[in-house]
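Right, one structure below, let's go through it.
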Amino acid sequence: MSPVTVWDRPEPPARPVPLDRERIVAAAVALADEGGLEAVSLRKVAARLDAGPMRLYGYIATKDELFDLMVDEVQAEILPDGQPGDWREALRLLAHRTRQAALRHEWLADLLGGRPTLGPNGLAVAEATLAALDGLTDVDTAMRAVETVSAYVTGAIRREIANLRAERATGLSEREWQRANGPHVTRMLATGRFPALAKAVYDGTDVDAESSFATGLEWVLDAVAAKLTRPPTA
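So the sequence shown is residues 21 to 254, counted in my numbering.
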């Protein structure tokens with residue numbers, strides 16, 4: 021018998037403290053926004069809702085199910101209001117909206133990149149992504165293109181969130197951290213063992229995270245465009 025997903029399983033009847041999955045997920049998202057995924061447990065969610073922890077098991081069987089529901093809730097923020105006509109603009113918009121959602125909910129970065137969630141919003145995001153390339157190439161090329169863009173977006177978001185967490189943990193901004201470590205880096209580069217790195221440090225241009233994300237995304241989309249315009253092999 022096939023397992024029943026959390027989206028297919030009916031909710032139990034209401035009790036004295038009104039509960040439903042929507043309220044449970046909203047409380048869990050609020051906890052995660054405040055303290056990360058480590059701040060989320062069924063016990064803590066129940067406490068926030070002034071309900072007994074065992075009540076929640078009628079709605080959600082495991083913490084992994086709760087995380088799936090939380091991700092699906094946030095994916096509603098990624099969905100654009102309409103589907104842009106151009107495939108490139110559609111993928112660009114979805115990528116930037118994913119980044120913006122992750123900056124509002126940093127814990128999302130920890131859950132990106134694994135098996136896709138199967139909730140209605142997650143499926144809608146997948147549909148919007150694939151629909152952008154529908155009819156432009158064969159389905160396998162479209163799937164590889166989507167995977168490539170997704171891998172870039174996930175990696176870039178995780179790096180940006182990691183830097184934000186490091187700033188909070190150390191109390192140093194990126195520029196302050198660079199200044200603090202400057203003497204060590206200068207000594208190491210002076211050895212001449214790292215010429216390419218020295219060129220990047222001394223001649224490279226610093227850009228903010230948003231600009232870096234946008235530039236890298238355009239390069240990935242350029243690569244996708246090259247695949248879409250390549251003539252089919254005989």
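Glycine included, every Cβ here is placed at the ideal spot set by N, Cα and C.
A quick note: this is a predicted structure, and the numbers were derived from the prediction, not measured.
Taking its Cβ as the centre, do 16 or more other Cβ atoms sit within 10 Å of residue i, making it buried, or is it exposed?
i, result
"Gly134", "exposed"
"Arg124", "exposed"
"Asp28", "exposed"
"Ala210", "exposed"
"Ala254", "Interpretation of Ala254 is limited by its pLDDT of 46, a score under 50 that renders its predicted location unreliable; the figure taken from the coordinates is listed afterwards. The residue is exposed, with fewer than 16 neighbouring Cβ atoms inside 10 Å."
"Arg188", "exposed"
"Val24", "exposed"
"Val26", "buried"
"Trp239", "exposed"
"Leu217", "exposed"
"Gln198", "exposed"
From what residue to what residue does the alpha helix (DSSP H) around residue i run?
i, result
"Glu42", "41 to 55"
"Tyr79", "Premise fails: Tyr79 is in no alpha helix (DSSP H) and is neither H nor E."
"Thr137", "Counting along the chain, Thr137 falls outside any alpha helix (DSSP H), and DSSP gives it neither H nor E."
"Leu248", "229 to 249"
"Val60", "Counting along the chain, Val60 falls outside any alpha helix (DSSP H), and DSSP gives it neither H nor E."
Hey, would you say residue i sits closer than 7 Å to residue j, going by beta carbons?
i, j, result
"Thr137", "Val91", "yes"
"Ile177", "Ala129", "yes"
Take residue i as the anchor and find which of the options has the nearest alpha-carbon.
i, options, result
"Glu230", "Ala165, Ala246, Ala115", "Ala115"
"Asn201", "Ala59, Val221, Val60, Gly142", "Val221"
"Ile181", "Gly56, Val49, Arg63", "Gly56"
"Leu69", "Ala59, Gly78, Ala48, Glu85", "Ala48"
"Ala171", "Glu126, Leu248, Val244, Ala210", "Val244"
"Ile44", "Asp223, Glu54, Lys64, Glu58", "Lys64"
"Leu156", "Gly105, Asp84, Lys219, Glu58", "Gly105"
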